[in-house]
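In the numbering used here, the protein residues as written are 5 to 40.
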């Protein structure tokens with residue numbers, strides 16, 4: 005899956021929440037660090 009920066013910015017919080025809910029903390033962190 006590929007996202008442009010603008011597209012990822014629009015959904016990054018949802019992706020992070022979903023990853024955490026699934027126990028995929030490394031995936032959640034990989035999104036979080038891009039937008040700190």
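Just so it is clear, CB atoms sit at the ideal spot from N, CA and C, and this is done for glycine as well. Predicted, not measured: the structure shown is a model, and the values here were computed from it.
Nonlocal neighbours in the same chain, by C-beta distance under 8 Å from residue i, ignoring five residues either side
| i | result |
| --- | --- |
| residue 38 | 12 and 16 |
| residue 3 | In this structure the chain extends from 5 to 40, so residue 3 is not present and cannot be described. |
| residue 27 | none |
Pair within 8 Å by beta-carbon distance, residue i and residue j
| i | j | result |
| --- | --- | --- |
| residue 20 | residue 32 | yes |
Close Cβ partners of residue i (< 7 Å) along its chain, the five nearest in sequence each way excluded
| i | result |
| --- | --- |
| residue 36 | 20 |
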